[in-house]
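*Asks:*
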Amino acid sequence: MKTMNGKKGIQGFRIIEDECIWMKAGIVALHTCNRAYDCFDCKFDKAMTKAMGEKAAMSGSTWSAYFKKNYDGASRPCRHVLTGRINQPKICIHNYECGTCAFDQMLDDIEISQAQSMPEYVNVSGFDLAQEYYYHDGHTWVRIEHGGMARIGFDAFVMKLFGKAEFLPEAMDIGKHMEKGEPGWAIAQDNHRANVLSPISGTVLSVNQRARGNPGLMHDDPYQEGWLFIVEPEAPLKDLRKLKFGDAGIRWMEKENSKLIKMMGPEYARLAATGGEPVSDFYGFNPEIGWDNLVHTFLKS
């Protein structure tokens, strides 16, 4: 079986450079960036600016002051060129006041709205598990993206468990706060409804309206086009450490499948032993198992 490497720290998508802008400016000896140079929402950047005070800022001891001093006029490159976020020539015309720059905002808007690169998958007991994703016990996933934002969705296991479920995001509109481990949104199927627990805490920045209007996206492509929310995490390091990643995710999925086999009985166990493909709607084909039983066991709600 192909495995996913367990790694320390937040895993996400490869950034061309990871030197903090304060390190690049020579102000701190060592600090790496895990927010893809989204400096203006970065707690470290704010803490450094506050700690150094106005006098230090006036003396040129901030990253923006460093670049203002060392790059001038037509030779002043955009910070996104310096950090590798873009590879085309781009001159800064805002004197490194990125918070007022329309181009800077445009990059963030594009990255929030677009789905990212196709993940690699490992097959676990007949269910696809996307690599570089974090998994919550309630069968939702979190993927860290450019700028430190988090994309959230359902895993393939639960989408086969409830194969005709619809996405009900009413309680989680843009700007709303989700709390890790608390009901955040819901699914519905055949006059049944179930709450879904939020995998992390944060503020909702985007809701996938395509998945809302076309539930098939969640079931056919749960890890990409069928994503549900984009969230600005409140405490990503704290929350993600409690989720399953890499080999831990594989072991967890194998245990979840074992639970399902026991619930389904000997006939399904024999089918699973032959390597048969999981059915597309466990509940729809086996309603006698009970909606509440499946929800409690696998969604944890």
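Residue 433 is where the sequence shown starts when you use my numbering, and the numbers rise one by one after that. Using N, Cα and C, we set each Cβ at its ideal position, and we do this for glycine too.
With a threshold of 16 other CB atoms inside 10 Å of the CB of Leu669, please say whether the residue is buried or exposed.
*Replies:* exposed
*Asks:* Per DSSP, which one or two residues make a beta bridge with Ile662?
*Replies:* Arg583 and Ser638
*Asks:* Note down, in chain order, each residue of its chain lying with its Cβ closer than 7 Å to the Cβ of Arg589, except the 5 sequence neighbours on either side.
*Replies:* Note on residue identity: the sequence assigns Phe, not Arg, to residue 589. For Phe589, where only same-chain residues beyond five positions count, the Cβ hits under 7 Å are Phe559, His571, Met685 and Glu688.
*Asks:* For the structure I just gave you, are there three or more beta carbon pairs, one from the region 662-676 and one from the region 631-641, closer than 8 Å?
*Replies:* yes
*Asks:* Do three or more CB pairs link the region 644-657 to the region 581-601 at distances below 8 Å?
*Replies:* yes
*Asks:* If you draw a straight line from the alpha carbon of Cys510 to that of Phe535, how long is it in whole angstroms?
*Replies:* So the two alpha carbons sit approximately 10 Å from each other.
*Asks:* On the criterion of 16 or more Cβ atoms from any shown chain inside 10 Å, does Ser690 qualify as buried, or is it exposed?
*Replies:* Taking every protein chain shown into account, the CB of Ser690 has fewer than 16 other CB atoms within 10 angstroms, so this residue is exposed.
*Asks:* Using a Cβ-Cβ cutoff of less than 6 Å, which residues in the same chain neighbour Phe499 once the five nearest sequence positions on both sides are dropped?
*Replies:* Tyr528
*Asks:* Cα separation between Thr481 and Tyr715?
*Replies:* 55 Å
*Asks:* According to DSSP, is Asp652 part of a helix, a strand, or is it coil?
*Replies:* helix
*Asks:* For Glu486, which residues of its own chain have a beta-carbon under 7 Å away from its beta-carbon, when the five flanking residues on both sides are left out?
*Replies:* Interpretation of Glu486 is limited by its pLDDT of 49, a score under 50 that renders its predicted location unreliable; no figure is taken from the coordinates.
*Asks:* Of the residues Arg642, Lys592 and Glu666, which one's Cα is nearest the Cα of Phe730?
*Replies:* When each option's Cα is compared against that of Phe730, the closest is Lys592.
*Asks:* Indicate the three-state DSSP secondary structure (helix, strand or coil) for Gly616 in the structure shown.
*Replies:* Looking at Gly616 - three-state DSSP - the assignment turns out to be strand.
*Asks:* Count the other CB atoms within 10 Å of the CB of Arg583; is the residue buried (16 or more) or exposed (fewer)?
*Replies:* Buried is the call here.
*Asks:* Per DSSP, Pro509 is paired with what?
*Replies:* Pro509 pairs with Ile523.
*Asks:* For Asn718, which residues in the same chain have their Cβ closer than 7 Å to its Cβ, ignoring the five residues on either side in sequence?
*Replies:* Met696
*Asks:* Can you tell me whether Ser630 is buried or exposed? The criterion is at least 16 other CB atoms within 10 Å of its CB, across all chains shown.
*Replies:* buried
*Asks:* Only counting the same chain, and skipping five residues up and downstream in sequence, which positions put a Cβ closer than 7 Å to that of Ala626?
*Replies:* Ala618, Ile619, Val727, Leu731 and Ser733
*Asks:* With DSSP collapsed to three states, give me the class of Asp560.
*Replies:* strand
*Asks:* Cα-Cα, which of His568, Ile453, Gln621 and Glu614 is closest to Leu675?
*Replies:* His568
*Asks:* In terms of residues, what are the limits of the beta strand (DSSP E) holding Ala626?
*Replies:* His624 to Leu629 is the extent of the beta strand (DSSP E) around Ala626.
*Asks:* In the DSSP assignment, find the alpha helix (DSSP H) that holds Phe589 and state where it starts and stops.
*Replies:* Ala588 to Leu593
*Asks:* What separation, rounded to the nearest whole angstrom, lies between the Cα atoms of Arg575 and Ile525?
*Replies:* 33 Å
*Asks:* Please list, in chain order, all residues of the same chain as Met538 whose beta carbon is under 8 Å from its beta carbon, the five residues on each side excluded.
*Replies:* none
*Asks:* Looking at C-alpha atoms only, which residue of Glu598, Ala597 and Ala562 is the closest neighbour of Phe677?
*Replies:* Ala562
*Asks:* Using only alpha-carbon positions, find the residue among Lys596, Lys612 and Gly616 that is nearest to Ala603.
*Replies:* Gly616
*Asks:* Sort Ala597, Ala667 and Asp504 by Cα distance to Gly658 and report the nearest one.
*Replies:* Ala597
*Asks:* What's the call for Met436, buried or exposed, on a 16-neighbour Cβ count within 10 Å?
*Replies:* The predicted model places Met436 with a pLDDT of 45, which falls under 50 and marks its position as unreliable; any figure quoted below should be read in that light. Burial call: buried.
*Asks:* Roughly how many angstroms lie between the CA atoms of Arg644 and Ser712, to the nearest whole one?
*Replies:* 20 Å
*Asks:* Could you tell me the distance, in whole angstroms, from the CA atom of Leu692 to the CA atom of Asn725?
*Replies:* Taking the CA atoms as reference points, Leu692 sits about 11 Å from Asn725.
*Asks:* Quick one: grab the DSSP three-state call for Asn718.
*Replies:* coil
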